[in-house]
Amino acid sequence: MAQKSRLPSLTSEQIKCILREVLSAFDEPENKVKMEVIFDSSGANLVALMHQLVPAAAAIQRNVIQAHGFPSSDEGVLRFTQMVNFFAKDDPEVETLANQLRTKFIPQMPVPPIFHPLVDVT
Numbered sequence: 001m002a003q004k005s006r007l008p009s010l011t012s013e014q015i016k017c018i019l020r021e022v023l024s025a026f027d028e029p030e031n032k033v034k035m036e037v038i039f040d041s042s043g044a045n046l047v048a049l050m051h052q053l054v055p056a057a058a059a060i061q062r063n064v065i066q067a068h069g070f071p072s073s074d075e076g077v078l079r080f081t082q083m084v085n086f087f088a089k090d091d092p093e094v095e096t097l098a099n100q101l102r103t104k105f106i107p108q109m110p111v112p113p114i115f116h117p118l119v120d121v122t
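What follows is the structure in structure tokens.
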């Protein structure tokens with residue numbers, strides 16, 4: 001049977017610190033180039049983009065969070081994300097940092113045009 005890994009016990013301040021480290025990791029030149037190449041190579045194909053982008057973003061996060069007690073796996077990234085979401089509910093600064101992180105790897109979706117149905121008033 002697989003052994004469950006224990007989650008680190010962290011405070012809101014520690015989560016903020018880790019989030020800042022993760023954001024800095026995304027801004028490192030090699031990671032920035034890696035993400036730009038993925039965005040550029042996928043063109044308008046959103047499925048291809050997410051297929052490449054999510055694993056790359058998870059790897060960048062994994063490299064940072066493992067130093068803070070999270071498992072060095074996709075499960076560790078998921079647990080980190082869950083912990084961030086937990087703290088974001090009560091701490092606006094965590095919420096802001098989490099939103100900044102999302103913008104690093106979730107593409108901006110175009111705003112759909114507003115639909116105004118034609119109304120026949122006759």
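The UniProt record's numbering puts the first residue of the sequence shown at 1, with every later residue one more than the last.
Ideal Cβ positions, reconstructed from N, Cα and C, are used throughout, including at glycine.
Residue i versus the options, residue with shortest Cα-Cα distance
{"i": "THR81", "options": "LEU101, LYS34 and VAL37", "result": "LEU101"}
{"i": "HIS51", "options": "PHE39, ARG62 and GLN61", "result": "PHE39"}
{"i": "GLU21", "options": "ALA67, VAL33 and ILE106", "result": "ALA67"}
{"i": "PHE105", "options": "GLY69, ILE18, ILE60 and PHE86", "result": "ILE60"}
Where the alpha helix (DSSP H) through residue i begins and ends
{"i": "GLN100", "result": "92–105"}
{"i": "ILE65", "result": "46–65"}
{"i": "GLU28", "result": "Careful: GLU28 lies outside any alpha helix (DSSP H) and carries neither H nor E."}
Buried or exposed (CB count within 10 angstroms, at least 16 for buried), residue i
{"i": "PRO71", "result": "buried"}
{"i": "ALA88", "result": "buried"}
{"i": "VAL77", "result": "buried"}
Three-pair Cβ contact test at 8 Å for the stretch 24–31 versus the stretch 41–50: no
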